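Below you'll find the structure, written out as structure tokens, and then a few comments.
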Amino acid sequence: MTSVMSHAGTVDVELRVNAGSRRLALDPRTTLLDALREHLGLTGAKKGCDHGQCGACTVHVDGKRMLACLTLAVAVQGRSITTIEGLARGGGDALHPMQQAFLDHDGFQCGYCTPGQIMSAVALLREPCGPNDDDVRECMSGNLCRCGAYPNIVVAIQEVRVSEGAE
Amino acid sequence: MTGPNERSAAGIVGQPITRVDGRLKVTGGARYTAEISLDKLAYAVIVQSEIARGTIEHIDTSDADMLPGVIAVMTPDNTAKLESLEKFEREGGKGGRPTGRALSLLQDDRVHYNGQPIAVVVAESIEIAMQAMSLVRASYRVDTPAIDMVAALPSAYPSTQKIFGREPPMTRRGDLQAGLTAAEARVDAAYTTPMETHNPMEMHATVAAWDDDKLTLWDSTQFVHGVRATVARTLGIPPAHVRVISHFVGGAFGGKGSAWSHVILAAMAARTVGRPVKLALTRRQMFGPVGGRPHTVQHVTLGAKRDGTLTAMRHDCTASTSTMEEWLEPAALVSRILYDCPNQETSHSLVRLNVGTPTFMRAPGEATGTFALESALDELAYTLDIDPIALRLKNYAEADPESGKPWSSKSLRTCYSLGAERFGWSRRNPKPRSMRDGEQLVGWGMATATYPARRLPASAEASVYPDGRVVIKAASHDLGTGTYTILTQLAVDALGVPMACVKIELGDSDLPPNPISAGSMTVASTGSAVHLAAMAARDKLVQLAVSDPESPLHGERHEAILIDDGHLTVRESPERSESIQTLLARNGGEPIVGRAEAKPGDEAQQYSMHAFGAVFAEVRVDPELGIVRVARVTGAYGVGRVLNPKTARSQLIGGITFGIGMALMEHTVIDPHSGRYVNADIAEYHIPVHADVPQIEIIFADEKDERVDPIGAKGIGEIGMTGVAAAIANAVYHATGARVRDLPITLDRLLATPRVD
Numbered sequence: 001m002t003s004v005m006s007h008a009g010t011v012d013v014e015l016r017v018n019a020g021s022r023r024l025a026l027d028p029r030t031t032l033l034d035a036l037r038e039h040l041g042l043t044g045a046k047k048g049c050d051h052g053q054c055g056a057c058t059v060h061v062d063g064k065r066m067l068a069c070l071t072l073a074v075a076v077q078g079r080s081i082t083t084i085e086g087l088a089r090g091g092g093d094a095l096h097p098m099q100q101a102f103l104d105h106d107g108f109q110c111g112y113c114t115p116g117q118i119m120s121a122v123a124l125l126r127e128p129c130g131p132n133d134d135d136v137r138e139c140m141s142g143n144l145c146r147c148g149a150y151p152n153i154v155v156a157i158q159e160v161r162v163s164e165g166a167e
Numbered sequence: 168m169t170g171p172n173e174r175s176a177a178g179i180v181g182q183p184i185t186r187v188d189g190r191l192k193v194t195g196g197a198r199y200t201a202e203i204s205l206d207k208l209a210y211a212v213i214v215q216s217e218i219a220r221g222t223i224e225h226i227d228t229s230d231a232d233m234l235p236g237v238i239a240v241m242t243p244d245n246t247a248k249l250e251s252l253e254k255f256e257r258e259g260g261k262g263g264r265p266t267g268r269a270l271s272l273l274q275d276d277r278v279h280y281n282g283q284p285i286a287v288v289v290a291e292s293i294e295i296a297m298q299a300m301s302l303v304r305a306s307y308r309v310d311t312p313a314i315d316m317v318a319a320l321p322s323a324y325p326s327t328q329k330i331f332g333r334e335p336p337m338t339r340r341g342d343l344q345a346g347l348t349a350a351e352a353r354v355d356a357a358y359t360t361p362m363e364t365h366n367p368m369e370m371h372a373t374v375a376a377w378d379d380d381k382l383t384l385w386d387s388t389q390f391v392h393g394v395r396a397t398v399a400r401t402l403g404i405p406p407a408h409v410r411v412i413s414h415f416v417g418g419a420f421g422g423k424g425s426a427w428s429h430v431i432l433a434a435m436a437a438r439t440v441g442r443p444v445k446l447a448l449t450r451r452q453m454f455g456p457v458g459g460r461p462h463t464v465q466h467v468t469l470g471a472k473r474d475g476t477l478t479a480m481r482h483d484c485t486a487s488t489s490t491m492e493e494w495l496e497p498a499a500l501v502s503r504i505l506y507d508c509p510n511q512e513t514s515h516s517l518v519r520l521n522v523g524t525p526t527f528m529r530a531p532g533e534a535t536g537t538f539a540l541e542s543a544l545d546e547l548a549y550t551l552d553i554d555p556i557a558l559r560l561k562n563y564a565e566a567d568p569e570s571g572k573p574w575s576s577k578s579l580r581t582c583y584s585l586g587a588e589r590f591g592w593s594r595r596n597p598k599p600r601s602m603r604d605g606e607q608l609v610g611w612g613m614a615t616a617t618y619p620a621r622r623l624p625a626s627a628e629a630s631v632y633p634d635g636r637v638v639i640k641a642a643s644h645d646l647g648t649g650t651y652t653i654l655t656q657l658a659v660d661a662l663g664v665p666m667a668c669v670k671i672e673l674g675d676s677d678l679p680p681n682p683i684s685a686g687s688m689t690v691a692s693t694g695s696a697v698h699l700a701a702m703a704a705r706d707k708l709v710q711l712a713v714s715d716p717e718s719p720l721h722g723e724r725h726e727a728i729l730i731d732d733g734h735l736t737v738r739e740s741p742e743r744s745e746s747i748q749t750l751l752a753r754n755g756g757e758p759i760v761g762r763a764e765a766k767p768g769d770e771a772q773q774y775s776m777h778a779f780g781a782v783f784a785e786v787r788v789d790p791e792l793g794i795v796r797v798a799r800v801t802g803a804y805g806v807g808r809v810l811n812p813k814t815a816r817s818q819l820i821g822g823i824t825f826g827i828g829m830a831l832m833e834h835t836v837i838d839p840h841s842g843r844y845v846n847a848d849i850a851e852y853h854i855p856v857h858a859d860v861p862q863i864e865i866i867f868a869d870e871k872d873e874r875v876d877p878i879g880a881k882g883i884g885e886i887g888m889t890g891v892a893a894a895i896a897n898a899v900y901h902a903t904g905a906r907v908r909d910l911p912i913t914l915d916r917l918l919a920t921p922r923v924d
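Sequences listed follow chains A and B, in order.
All the letters of the first sequence, read from the start, carry residue numbers 1 to 167 under the numbering used here.
All the letters of the second sequence, read from the start, carry residue numbers 168 to 924 under the numbering used here.
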């Protein structure tokens with residue numbers, strides 16, 4: 001059977017994104033990704049498949065990486081959401097060390113998977129991922145890059161890992 | 168290139184400059200097409216056919232129409248006929264198809280492939296549009312489709328069209344039969360490559376907005392001027408009424424080189440609902456409606472003397488196309504130029520299938536053709552017990568063997584030796600299954616890489632403003648290729664201004680016309696135009712200074728002036744100097760504008776122009792399970808001048824990564840009965856992930872080519888992908904003794920392939 005819902009059938013959702021708080025009237029089916037991109041103007045998180053297969057939509061929810069396309073916006077109310085736009089601390093032109101490392105090592109080409117790669121990479125350093133290049137490759141394999149920037153991305157991540165003394 | 172500033176310390180062409188658009192990309196600030204925000208934007212979704220061949224009997228939109236928030240459901244029943252297409256049909260195809268490609272624009276009830284656009288839903292939100300799409304129901308009269316390439320091979324027919332408008336589909340030189348008779352060894356084998364799908368990370372998307380009779384399209388495209396021309400022709404409006412914008416493109420690889428159905432459907436939908444419309448394809452919709460690499464079956468015959476000298480070569484390629492349109496994958500082209508073989512025949516044939524029309528996909532022809540030819544060369548090397556590099560050197564083409572023209576430059580010998588040295592090729596024991604690492608079989612394989620160096624007419628404008636800013640305008644594109652960056656470098660060196668002062672504007676059909684960003688042509692085409700435009704602006708600045716009595720440079724000769732860091736200076740008397748700002752402020756405060764058009768000269772008539780390279784791969788194969796892993800790759804390339812070794816290296820690594828996908832995993836699977844794309848997502852259509860891609864080493868041969876174009880660059884977007892599948896297949900043979908001639912080399916295929924021990 002068809003489930004018809006009224007166009008006005010929205011729900012109030014309060015999202016804490018990048019240290020700010022926003023109240024939205026959303027179709028309850030709205031994913032976190034579409035809430036960010038279509039309702040909050042935060043288009044840094046990318047839609048590459050909408051099925052949790054490519055990692056381009058990766059954001060942090062309470063500091064852990066999460067696929068925004070597989071997450072309903074209503075389900076993450078009250079939780080702390082960080083997107084690529086809010087990753088750097090210090091304001092102004094400051095970059096997060098991972099963003100700087102991606103720049104330095106040319107860890108991207110078209111740039112479409114890049115925000116997701118960077119968000120995954122930052123979260124990875126807090127995860128029980130091993131220290132070797134192969135460990136990083138394995139832990140980053142949910143983030144696809146069609147341009148083929150993988151070797152440069154691994155170098156960038158390893159540089160940040162070493163400089164931050166991560167385990 | 169002979170810029171007067173080239174010798175100055177400021178020269179940044181050739182330096183590993185970090186991408187100038189990099190900060191936008193790492194902060195989420197780069198806006199791609201589907202991220203354009205407009206007032207009253209409506210969301211469109213395409214509804215696709217569920218059969219591969221037949222006629223639509225009825226499309227029931229009643230449930231979708233009733234869904235609150237649905238604005239329109241467009242079907243062939245309620246969509247206005249396009250006069251341009253009716254005229255095309257009426258006149259039997261005279262004058263060419265207005266749409267360029269054969270598109271599905273809701274004009275009739277015929278279905279040519281499974282997944283063809285048959286309706287468009289426009290709604291207030293993505294959620295409602297997607298739900299409404301699921302509510303549209305079509306009924307069909309179903310005809311039996313042709314899907315299976317192998318079953319359809321008897322229907323193959325010779326292609327008669329010139330390849331990409333240039334080269335003949337068939338060639339013959341010398342006497343093939345005599346060459347085969349003279350041969351003391353032969354290889355005679357068929358190689359196949361499957362349909363593949365580009366799958367850039369950014370799905371195709373178009374945002375269309377009408378302002379009265381003027382249309383603005385934001386589109387993810389490799390060719391803003393091409394889209395403008397196609398849309399204007401199809402909709403019957405003046406090109407001047409269409410503006411196409413594409414500032415950032417999230418990968419393209421040839422798939423975004425044509426204006427596909429959704430582009431024009433978006434414009435039609437926006438006109439229908441009287442609001443701006445965003446139409447973004449879903450990942451599933453990337454399989455079929457927007458092209459892909461066709462299936463090829465390639466028959467290669469080689470004949471050689473015992474010492475390896477080739478006496479005969481035959482390369483016949485049969486490729487799939489659609490029932491709507493002929494599109495040819497010219498896989499046999501490489502065989503015409505790669506080796507010095509006196510007796511040769513090449514041909515291209517087509518098989519029509521009920522599938523989406525194929526299109527350019529990274530190194531179209533060269534990627535597939537080098538797999539067949541370079542695999543066959545490896546087979547010949549084993550037949551003759553000759554080292555694969557020695558065999559290639561034995562047949563080294565000192566001039567283009569097809570045209571007889573000299574090469575504009577060729578560093579392939581250097582590439583073989585540099586690549587072999589870095590890879591450690593001399594330590595290879597050629598015997599199959601002879602090298603191991605623990606339980607794993609180790610295989611080393613190599614192949615030749617090649618791609619033509621071409622360019623098309625391009626134009627550019629360089630403006631120097633009184634505040635010292637420089638703006639470069641060209642309707643080219645940055646697909647991740649680094650165009651913004653290398654054009655900045657060219658402008659900085661030509662004009663002698665600080666890098667931070669230069670802004671590059673691309674991706675807008677209001678800018679000076681430029682060709683499609685494809686075929687590894689952008690640097691040679693657009694780069695040449697930007698260089699010339701910047702040099703024209705420089706000349707004007709210098710002229711202004713030397714003829715201005717108030718300038719410290721007054722009366723000097725042009726050649727005596729250096730511009731560095733934004734200052735014009737007399738080379739021999741550095742105290743005579745002034746800034747560009749001072750000069751322009753004193754002279755009316757108007758910007759200085761240089762314009763240029765760069766067109767190919769007669770170099771292509773005089774020379775055969777190609778980039779060459781050598782690629783080496785190491786694989787590890789699990790002998791029990793047949794799992795193949797690429798352990799390392801080394802590629803050595805002669806690509807003319809390298810403008811930015813940092814981005815160039817990345818692009819070649821990217822090409823090799825594409826080649827790893829082609830060799831081991833990529834395969835668009837179509838159900839032979841329904842014609843449905845079975846693995847139409849990026850979990851089931853496998854592309855390389857982080858864990859699949861090892862260390863890749865890139866080496867550039869020092870190659871100077873002053874003939875190929877004013878910049879001396881041959882282009883690098885595609886050559887990295889060529890030869891890779893063969894190098895890996897050859898490595899798999901070396902590891903296992905099993906010659907897999909059908910891509911991709913999946914473990915089931917490898918285990919089922921008989922092997923020599």
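Where a beta carbon is used, it is the ideal one built from N, C-alpha and C, also for glycine.
In this text the structure is predicted, and so the values were computed from the model without any measurement.
Minimum Cβ-Cβ distance from residue i to chain D less than 9 Å
{"i": "A68 (chain A)", "result": "Among the protein chains in the structure shown, which are A and B, there is no chain D."}
Nearest-angstrom Cα separation, counted from residue j out to residue i
{"i": "E14 (chain A)", "j": "R308 (chain B)", "result": "50 Å"}
{"i": "L608 (chain B)", "j": "M602 (chain B)", "result": "6 Å"}
{"i": "V278 (chain B)", "j": "H371 (chain B)", "result": "22 Å"}
{"i": "A704 (chain B)", "j": "P679 (chain B)", "result": "16 Å"}
{"i": "E739 (chain B)", "j": "I728 (chain B)", "result": "9 Å"}
{"i": "Y150 (chain A)", "j": "A426 (chain B)", "result": "30 Å"}
{"i": "G130 (chain A)", "j": "A858 (chain B)", "result": "14 Å"}
{"i": "M832 (chain B)", "j": "H462 (chain B)", "result": "15 Å"}
{"i": "S632 (chain B)", "j": "K445 (chain B)", "result": "One point to set straight first is that residue 632 (chain B) is Tyr, not Ser, in the sequence displayed. Going by the C-alpha atoms only, they are around 36 Å apart."}
Other residues of its chain near residue i: CB distance less than 6 Å, five sequence neighbours each side excluded
{"i": "A712 (chain B)", "result": "S718, L720, L735 and L750"}
{"i": "E512 (chain B)", "result": "R339, L343 and R481"}
{"i": "V409 (chain B)", "result": "L382, R395, V398 and A399"}
{"i": "A219 (chain B)", "result": "Y280, N281, P312, N521 and G842"}
DSSP three-state assignment for residue i, whether helix, strand or coil
{"i": "M491 (chain B)", "result": "coil"}
{"i": "M688 (chain B)", "result": "coil"}
{"i": "Y852 (chain B)", "result": "coil"}
{"i": "F867 (chain B)", "result": "strand"}
{"i": "D660 (chain B)", "result": "helix"}
{"i": "R481 (chain B)", "result": "strand"}
{"i": "D715 (chain B)", "result": "coil"}
{"i": "E159 (chain A)", "result": "helix"}
Contacting residues, own chain, Cβ-Cβ under 7 Å from residue i (five flanking each side not counted)
{"i": "K766 (chain B)", "result": "P624"}
{"i": "T327 (chain B)", "result": "P336"}
{"i": "R29 (chain A)", "result": "none"}
Residue-chain proximity (residue i, chain B), Cβ-Cβ < 9 Å
{"i": "R146 (chain A)", "result": "yes"}
{"i": "V136 (chain A)", "result": "yes"}
Residue-chain proximity (residue i, chain A), Cβ-Cβ < 9 Å
{"i": "M368 (chain B)", "result": "yes"}
{"i": "A486 (chain B)", "result": "no"}
{"i": "F415 (chain B)", "result": "yes"}
Give me the subset of the region 854-878 of chain B whose CB atoms are less than 9 Å from a CB atom of chain A, sorted by chain position. I854, P855, V856, H857, A858, D859, V860, P861, Q862 and I863
Would you list, in chain order, the members of the region 35-50 of chain A that have their beta-carbon closer than 9 Å to a beta-carbon of chain B? R37, E38, G41, L42, T43, G44, A45, K46, K47, G48, C49 and D50
Pull out every residue of the region 188-199 of chain B whose Cβ sits closer than 9 Å to any Cβ of chain A, in chain order. D188, G189, R190, L191, K192, V193, T194, G195, G196, A197, R198 and Y199
Which residues of the region 201-219 of chain B have a Cβ closer than 8 Å to any Cβ of chain A? Give them in chain order. A201, E202 and S204
For the region 817-844 of chain B, enumerate the residues whose C-beta is nearer than 8 Å to any C-beta of chain A, in chain order. S817, Q818, I820, G821, G822, I823, T824 and F825
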